[in-house]
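J.: I am attaching a structure below and will ask some questions about it afterwards.
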Amino acid sequence: MHFDVAGSPALKADGTPAPQSAHDHAHAPSPSSEIGTASAVIAISNFEFAPEAVRLRAGGSVTWENHDSVAHHVIVTLDGKEQQHALPPHGRVTVTFLQTGRFTYHCLPHPFMQGTVEVE
Ligand SMILES: [Cu+2]
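At position 66 of the sequence shown (counting the first as 1) the number is 66 in our numbering, and the numbers step up by one without a gap.
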């Protein structure tokens with residue numbers, strides 16, 4: 001016996017042909033955020049910020065998460081004022097950015113650790 005199924009339409013349990021296209025386009029594309037996000041997370045791992053640069057909207061926040069077993073110390077200048085945030089091993093700190101602009105930050109004991117926060 002030989003069944004040539006290659007060209008035959010698939011049959012449902014009741015014997016009627018199954019729909020040819022299973023792709024019904026029911027999934028609408030997710031709306032794209034116009035600029036950045038409301039919040040961002042920057043991981044600190046092996047003496048590196050990841051990602052170093054983030055973009056977010058005014059009013060958004062950045063959370064730094066220290067994944068290292070040593071302390072880091074994030075320095076960020078907001079509105080002309082330097083903010084210092086101690087990050088003990090595996091600690092975290094969240095900073096809210098109310099104003100637009102480009103803000104740089106760095107790690108106090110490790111000046112080579114640097115990054116930017118762009119607020120739009
Ligand atoms: Cu550091």
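Ideal Cβ placement from N, Cα and C applies to all residues, glycine included.
What you are looking at is a predicted structure, and each value in this text was computed from that prediction instead of being measured.
1) Write down every uninterrupted run of the beta strand (DSSP E) in the stretch 51-86 whose length is 3 residues or greater and which is fully enclosed by it, in chain order.
2) Between the alpha carbons of residue 107 and residue 62, how many angstroms are there, rounded?
3) Measure the C-alpha to C-alpha separation of residue 78 and residue 64 and round it to an integer number of angstroms.
4) Take residue 113 and list the residues in its own chain whose beta-carbon comes closer than 8 angstroms to its own, dropping the five residues that flank it on each side.
5) Closer than 6 angstroms: is that where the CB of residue 110 sits relative to any heavy atom of ligand 1?
6) For a test of the three-state rule: what should DSSP assign to residue 115, helix, strand or coil?
7) Just to check, is the beta-carbon of residue 72 closer than 6 angstroms to a non-hydrogen atom of ligand 1?
8) At what residues does the beta strand (DSSP E) containing residue 101 begin and finish?
9) Are the Cβ atoms of residue 53 and residue 104 separated by less than 7 angstroms?
10) Rounded C-beta distance between residue 100 and residue 119? I'm assuming under 8 angstroms.
11) Going along the chain, which residues of its own chain have a beta-carbon closer than 8 angstroms to the beta-carbon of residue 59, five neighbours each way excluded?
T.: The structure says:
1) Entirely contained in the stretch 51-86, the beta strand (DSSP E) runs reaching 3 residues are, in chain order, 53-66, 72-78.
2) Going by the C-alpha atoms only, they are around 15 angstroms apart.
3) Those two C-alpha atoms are separated by around 16 angstroms.
4) These residues qualify, in order along the chain: 44, 47, 48, 49, 72, 106, 107.
5) Yes, the beta carbon of residue 110 sits closer than 6 angstroms to at least one heavy atom of ligand 1.
6) Correct three-state label for residue 115: strand.
7) Yes, since a heavy atom of ligand 1 falls inside the 6 angstroms radius drawn around the Cβ of residue 72.
8) Element bounds for residue 101: 101-107.
9) No.
10) Beta-carbon to beta-carbon, residue 100 and residue 119 are separated by about 5 angstroms, close enough to satisfy the 8 angstroms threshold.
11) Its chain contains 38, 96, 97, 98 as the residues whose beta carbon lies nearer than 8 angstroms to that of residue 59, once the 5 sequence neighbours on both sides are disregarded; these appear in chain order.
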